[in-house]
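J.: Numbering (full-length UniProt numbering), first residue to last: 1 to 704. Note that the Cβ used here is the ideal one computed from N, Cα and C, for glycine as well. All figures in this text were calculated on a predicted structure; none of them were measured in a lab.
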Amino acid sequence: FFSPQVLLLACAEDLECVPGFQQKVFYIEKPFEFTEYQLVLNLKFDDCKGNNKLNFQVSNPDFMVDSDGSLVALKNISEAGRALFVHAQSEHAEDMAEIFIVGTNEKQGALKEILKLEGTSGIPRQKRAILATPILIPENQRPPFPRLVGKVIRSEVTEGAKFRLSGKGVDQDPKGIFRINEITGDVSVTRTLDREAIANYELEVEVTDLSGKTIDGPVRLDISVIDQNDNRPMFKEGPYIGHVMEGSATGTTVMRMTAFDADDASTDNALLRYNILKQTPTKPSPNMFYIDPEKGDIVTVVSPVLLDRETMESPKYELVIEAKDMGGLDVGLTGTATATILIDDKNDHPPEFTKKEFQATVKEGVTGVIVNLTVGDRDDPVTGAWRAVYTIINGNPGQSFEIHTNPQTNEGMLSVVKPLDYEISAFHTLLIKVENEDPLIPDIAYGPSSTATVQITVEDVNEGPVFHPNPMTVTKQENIPIGSVVLTVNATDPDTLQHQTIRYSVSKDPAGWLEISPTNGTIGTTAVLDRESPFVQDNVYTALFLAIDSGNPPATGTGTLHITLEDVNDNVPSLYPTLAKVCDDAKDLRVVVLGASDKDLHPNTDPFKFELSKQSGPEKLWRINKLNSTHAQVTLLQNLKKANYNIPISVTDSGKPPLTNNTELKLQVCTCKKSKMDCSASDALHISLTLVLLSLLSLFCKSL
Numbered sequence: 001f002f003s004p005q006v007l008l009l010a011c012a013e014d015l016e017c018v019p020g021f022q023q024k025v026f027y028i029e030k031p032f033e034f035t036e037y038q039l040v041l042n043l044k045f046d047d048c049k050g051n052n053k054l055n056f057q058v059s060n061p062d063f064m065v066d067s068d069g070s071l072v073a074l075k076n077i078s079e080a081g082r083a084l085f086v087h088a089q090s091e092h093a094e095d096m097a098e099i100f101i102v103g104t105n106e107k108q109g110a111l112k113e114i115l116k117l118e119g120t121s122g123i124p125r126q127k128r129a130i131l132a133t134p135i136l137i138p139e140n141q142r143p144p145f146p147r148l149v150g151k152v153i154r155s156e157v158t159e160g161a162k163f164r165l166s167g168k169g170v171d172q173d174p175k176g177i178f179r180i181n182e183i184t185g186d187v188s189v190t191r192t193l194d195r196e197a198i199a200n201y202e203l204e205v206e207v208t209d210l211s212g213k214t215i216d217g218p219v220r221l222d223i224s225v226i227d228q229n230d231n232r233p234m235f236k237e238g239p240y241i242g243h244v245m246e247g248s249a250t251g252t253t254v255m256r257m258t259a260f261d262a263d264d265a266s267t268d269n270a271l272l273r274y275n276i277l278k279q280t281p282t283k284p285s286p287n288m289f290y291i292d293p294e295k296g297d298i299v300t301v302v303s304p305v306l307l308d309r310e311t312m313e314s315p316k317y318e319l320v321i322e323a324k325d326m327g328g329l330d331v332g333l334t335g336t337a338t339a340t341i342l343i344d345d346k347n348d349h350p351p352e353f354t355k356k357e358f359q360a361t362v363k364e365g366v367t368g369v370i371v372n373l374t375v376g377d378r379d380d381p382v383t384g385a386w387r388a389v390y391t392i393i394n395g396n397p398g399q400s401f402e403i404h405t406n407p408q409t410n411e412g413m414l415s416v417v418k419p420l421d422y423e424i425s426a427f428h429t430l431l432i433k434v435e436n437e438d439p440l441i442p443d444i445a446y447g448p449s450s451t452a453t454v455q456i457t458v459e460d461v462n463e464g465p466v467f468h469p470n471p472m473t474v475t476k477q478e479n480i481p482i483g484s485v486v487l488t489v490n491a492t493d494p495d496t497l498q499h500q501t502i503r504y505s506v507s508k509d510p511a512g513w514l515e516i517s518p519t520n521g522t523i524g525t526t527a528v529l530d531r532e533s534p535f536v537q538d539n540v541y542t543a544l545f546l547a548i549d550s551g552n553p554p555a556t557g558t559g560t561l562h563i564t565l566e567d568v569n570d571n572v573p574s575l576y577p578t579l580a581k582v583c584d585d586a587k588d589l590r591v592v593v594l595g596a597s598d599k600d601l602h603p604n605t606d607p608f609k610f611e612l613s614k615q616s617g618p619e620k621l622w623r624i625n626k627l628n629s630t631h632a633q634v635t636l637l638q639n640l641k642k643a644n645y646n647i648p649i650s651v652t653d654s655g656k657p658p659l660t661n662n663t664e665l666k667l668q669v670c671t672c673k674k675s676k677m678d679c680s681a682s683d684a685l686h687i688s689l690t691l692v693l694l695s696l697l698s699l700f701c702k703s704l
C-alpha cells in the first residue's frame with residue numbers, strides 16, 4: 001500500500017498531536033482475492049489520551065480491525081467493492097479512515113490525484129499550499145457538539161493568514177452545520193447529520209489575509225456522511241393481494257413482496273432478506289407457501305392435492321411477511337406487511353341435480369314459470385365454474401317450453417311459453433341437462449346426475465269458443481235494405497270432451513247497424529249502411545261479436561267482423577266558396593274560382609259540370625267557364641252597382657245516374673277607396689235578380 005501522508009510529515013512534524021487516524025486515506029491494489037485472516041493494512045489511531053476503550057467498525061462486515069489497528073479479512077472475498085470505511089471511537093475522540101481498492105492501471109493515477117506530484121527530482125512537492133483531504137462523518141452522532149471531524153493543513157505559514165470555509169452547510173442552506181478554526185484549520189460539525197437527507201457536502205476552503213483577500217485556494221473539501229442503519233424496511237405498495245389457481249403445481253409463483261429501505265443501498269444497511277412470520281389459517285399445512293429471501297417471491301410449496309379449494313377451511317390465506325436489513329442478521333431492523341393470497345376456483349366439480357325427477361302441474365292456456373329445478377355445485381359461487389346452464393334435450397318438439405337460470409339461486413326456471421292444450425296432450429315429459437358456463441377441467445366429465453326428468457301434468461279448463469275464421473271479412477254495398485243478411489258466423493268449442501251449446505251476441509256495434517241471431521249466428525242489418533259515416537274507416541266498418549258456451553262458469557270467445565262497403569252515388573256535389581266580393585270599379589272582372597267536392601268515390605265524383613241558371617233581362621251580367629274537372633271561373637261581364645247579388649249555379653257529378661246540386665253564389669259589390677273595401681251598404685240591399693224579375697212580371701200582369 002502507499003499513502004500521501006508520508007509527504008505530510010516534513011510539513012507537519014512540529015505540529016502537536018491531532019486526535020484521530022494519523023492517516024485517513026489509503027489506496028491498496030486490488031488482489032485476485034482477499035483470503036481469510038489476511039492482513040490488509042495497519043491503521044494507526046491516536047486520541048492523544050491513551051486510546052482508552054478504543055473500538056473499530058468496518059463498513060463491510062467481511063472485514064474487521066483488531067485492537068492493534070490491523071485490518072484483516074474474515075473470509076475469502078473475491079469482490080469487496082471500491083472502498084472500505086473504518087470508523088474508530090474512543091472515550092475522547094472518533095474518526096473515519098477510507099481505504100480505496102484500485103486496479104493496477106489505476107494506481108499511479110490515483111497517487112497523482114492525491115499528491116498532485118510534479119517535477120522529476122524524486123522529491124514530491126505539493127501543487128497547492130492547502131491540503132484538504134476528504135472527511136467522512138457517521139450520521140446520527142450524539143452530543144456534545146461541536147465535534148472535531150477533520151483538519152485542513154497549509155504547508156506555508158503566513159503571518160495573519162486565516163482559513164475560510166464556504167458552501168452548502170456553512171454559509172448556504174442548511175447553514176451553520178460545519179465551521180473551521182481560522183488559525184488551526186480544524187473542521188467541526190455542529191449538529192447531528194442525516195445521510196438520508198443529505199449524503200454529501202461539497203465545500204471550499206481558502207486562505208485569506210487580514211483584509212479578507214484570498215491568498216490561497218479555494219480548494220474543494222468533500223464531506224461524506226457515512227450511513228448508519230437507522231431506517232427500517234418499509235412495504236409501501238400495499239395492499240398486497242395475490243391469486244393462485246387451486247391444484248397448481250408445487251413451486252408456482254403467487255406474487256412478489258418488495259420492501260424499501262432508505263439507508264445506503266450499497267451497504268448492508270439496506271440489504272434486505274424476507275421471511276414468513278405467520279400463516280393464517282394453518283390448515284391443511286402450516287407451511288403452504290415459501291418466500292424467496294432475496295427476491296421476495298412467494299411460491300407454493302404444497303402438493304397440488306392439498307391446494308384444493310373445496311376441502312380448505314378457507315380459500316383465503318394471510319401471510320405476515322418480515323423484511324430485515326443487514327442481510328437478515330439478528331442486528332438488522334425489520335418491517336412487516338400482510339400478504340393476502342386467494343385460492344382461485346377452477347371447474348373441477350360438475351353441477352348435479354338434487355333429484356332425478358321433478359313434477360309440475362299447469363293449467364291449459366296459461367304461460368309462465370311452472371317449476372324451479374335445483375342443482376348443487378361445489379365450485380366457487382358466482383363464478384363461471386358454478387353458474388349453471390340448462391338445456392331441454394328431449395320432449396319439446398313444439399318449443400312450448402323454455403328454461404333459464406336464476407342468477408341469484410342458480411336454479412333452472414322452467415317456463416311454458418306457448419299455451420298448452422289439454423285436449424291435444426294432458427301430459428308432457430321433458431329431459432333436461434345442466435352444465436357450467438366454464439368448461440370442466442380435463443379428466444372431469446358430466447355424469448348421470450347432470451340430467452333430470454320433468455313430468456308435467458296439464459289441467460283442463462273451460463275454454464271460450466273460437467270463431468272461424470277470425471277476423472271475418474265480407475263486402476257489401478252501402479244503402480242495402482234494412483234486414484239484409486250480412487254473414488252467418490261459425491264458432492266452435494275447443495272443449496271437445498265437454499258437450500256444450502253456444503249462443504251469440506253483439507259485443508260492439510259502433511253505429512248500431514247490425515244484429516245477430518243468438519242461436520245460429522246470422523248477422524243482419526237494422527239500419528242503412530252508410531259508407532260516408534264517421535264510423536267507417538277506409539271503407540271498412542268493424543264490429544265485435546261474442547260466442548258464449550254453456551259451461552259453469554261460461555266461457556266467452558270474441559270474433560271480429562270487417563264489412564267493406566262499396567260506394568253508391570248517393571251524395572250530390574257541394575260548391576265552395578259560397579260568398580265572393582268585388583269592387584264596383586274593378587278592372588279585373590274575374591270574381592271567383594269555384595270548386596266542387598263529393599263524398600262519394602270515383603267514378604261517382606268528378607269531372608263536374610258547372611252551369612249558370614238562365615239569365616233574364618236585356619243583357620247578361622256574368623258567365624261561368626270550366627277550368628278543370630273540379631273548378632270553374634265566374635266572371636262579370638260589366639261593372640255593377642254597389643249591391644248584393646245571388647248568382648244561381650248548378651253543379652253535376654259523373655255518377656250513373658248523375659246527381660245535380662242547384663245552389664247560389666252570393667256576390668257583394670263594394671265601394672273601394674284607398675285600398676279599403678266598403679261593403680256595408682250592399683249588405684242592406686239584398687238584391688236578387690230572380691226577385692226583381694218576378695216583381696216586374698207581376699206589375700206587367702196587373703197593368704194588363
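Out of V170, P174, R82, which has the shortest C-alpha to C-alpha gap to S188?
T.: S188 has its Cα closest to that of V170, out of V170, P174, R82.
J.: Mind checking N604: buried by the 16 CB within 10 Å criterion, or exposed?
T.: By the neighbour-count rule (16 or more Cβ atoms within 10 Å), N604 is buried.
J.: Would the stretch 310-328 count as touching the stretch 391-401 if we require 3 or more Cβ pairs under 8 Å?
T.: Short answer: they don't touch.
J.: Pick from E33, D344, L43, E36: whose alpha carbon is nearest that of V25?
T.: With distances taken between Cα atoms, V25 lies closest to L43.
J.: With a 10 Å radius around its C-beta and 16 neighbouring C-beta atoms as the bar for buried, classify N644 as buried or exposed.
T.: Buried, since its Cβ has 16 or more Cβ neighbours within 10 Å.
J.: Got a sec? Which residues, its chain only, sit under 6 Å from K406 by beta carbon, not counting five neighbours each side?
T.: Per the sequence shown, the amino acid found at residue 406 is Asn instead of Lys. Counting only Cβ-Cβ distances below 6 Å, and skipping sequence neighbours, we find M413.
J.: Taking the DSSP output, what are the residues bridged to I456?
T.: Answer by DSSP bridge pairing, in chain order: A360, H428.
J.: Could you tell me whether the stretch 55-75 touches the stretch 29-39, where touching means 3 or more Cβ pairs closer than 8 Å?
T.: A contact exists between the stretch 55-75 and the stretch 29-39.
J.: Can you give me the C-alpha to C-alpha distance between N275 and T374, rounded to a whole angstrom?
T.: Using only the alpha carbons, I get a separation of about 47 Å.
J.: Quick check on D268: does DSSP put it in helix, strand or coil?
T.: Helix at D268.
J.: P19 by DSSP, collapsed to three states: which one?
T.: In this structure, P19 counts as coil in the three-state DSSP scheme.
J.: Compute the distance between the beta-carbons of Q500 and G559, then report whether it is under 7 Å.
T.: No, the pair does not count as a contact, with Cβ atoms beyond the cut-off.
J.: Report the residue from E139, N76, I101 whose alpha carbon sits nearest the alpha carbon of H87.
T.: Of the listed residues, the one whose Cα sits closest to H87 is E139.
J.: Could you tell me whether the Cβ atoms of L546 and S574 are closer together than 7 Å?
T.: The answer is no: Cβ separation not under 7 Å.
J.: Can you give me the C-alpha to C-alpha distance between I241 and M257, rounded to a whole angstrom?
T.: Rounded to whole angstroms, I241 to M257 spans 10 Å at the Cα level.
J.: Rounded to the nearest angstrom, what separates P471 and E459 at their Cα positions?
T.: Their Cα atoms are separated by approximately 29 Å.
J.: So, under 8 Å CB-CB, V485 and T522 are touching, yes? Tell me the CB distance rounded to an integer number of Å.
T.: Contact holds; Cβ gap of about 6 Å.
J.: Name the two residues that bound the continuous beta strand (DSSP E) containing T522.
T.: Where T522 is concerned, the enclosing beta strand (DSSP E) stretches over 522-525.
J.: Three or more C-beta pairs under 8 Å: does that hold for the stretch 436-445 against the stretch 525-542?
T.: These segments do not touch.
J.: Can you give me the Cβ contacts of P607 inside the same chain, cut-off strictly under 7 Å, excluding the 5 residues immediately before and after it?
T.: These residues qualify, in order along the chain: S629, S654.
J.: By Cβ distance, which residues of its chain are closer than 7 Å to T267, with the 5 residues on each side in sequence left out?
T.: Excluding positions up to five away in sequence, the list reads S59, D227.
J.: May I have the straight-line CA-CA distance separating R590 from D570, to the nearest angstrom?
T.: For R590 and D570, the distance between alpha carbons rounds to 33 Å.
J.: Apply the 10 Å Cβ neighbour rule to K151 and answer buried if 16 or more other Cβ atoms are within range, or exposed otherwise.
T.: Buried is the call here.
J.: Could you tell me which of F610, V461, H428 sits nearest to N396, measuring between CA atoms?
T.: Among F610, V461, H428, the Cα nearest to that of N396 is on H428.
J.: Pull up the CB-CB distance for F353 and S449, whole angstroms please, since I reckon it's below 8 Å.
T.: That pair is a contact at about 6 Å.
J.: Under the rule that 16 or more other beta-carbon atoms within 10 Å means buried, what is C17, buried or exposed?
T.: The residue in question, C17, is exposed, as its Cβ has fewer than 16 Cβ neighbours within 10 Å.
J.: Output the distance between the C-alpha atoms of G464 and K599, rounded to the nearest integer angstrom.
T.: Taking the straight line from one Cα to the other gives about 42 Å.
J.: Determine the direct distance from the alpha carbon of N661 to that of P553, and round the result to whole angstroms.
T.: In a straight line, the C-alpha of P553 is about 59 Å away from that of N661.
J.: Please report the distance separating the alpha-carbon of P658 from that of T652.
T.: Each residue's Cα considered, the two are about 7 Å apart.
J.: Would DSSP call E156 helix, strand or coil?
T.: Of the three classes helix, strand and coil, the one that applies to E156 here is coil, per DSSP.
J.: Cα separation between I198 and R142?
T.: Distance between the alpha carbons of I198 and R142: 18 Å.
J.: Between V102, E156, I137, which has its C-alpha nearest D95's C-alpha?
T.: It is I137 whose Cα lies nearest to the Cα of D95.
J.: Cα separation between I183 and E294?
T.: Rounded to the nearest angstrom, the two C-alpha atoms are 52 Å apart.
J.: Here's a check: name, in chain order, each residue in its chain whose Cβ is nearer than 6 Å to the Cβ of R195, leaving out the five neighbours to either side.
T.: Closer than 6 Å at Cβ, skipping near neighbours: E139, V225, D227.
J.: Would you check if the stretch 377-384 and the stretch 419-426 touch, i.e. whether three or more CB-CB distances between them fall below 8 Å?
T.: Touching, no.
J.: Enumerate in chain order the residues of its own chain whose CB-to-CB distance from P19 is below 6 Å, with the five nearest sequence positions on each side excluded.
T.: So the list reads D47, C48, A93, once near-sequence residues are dropped.
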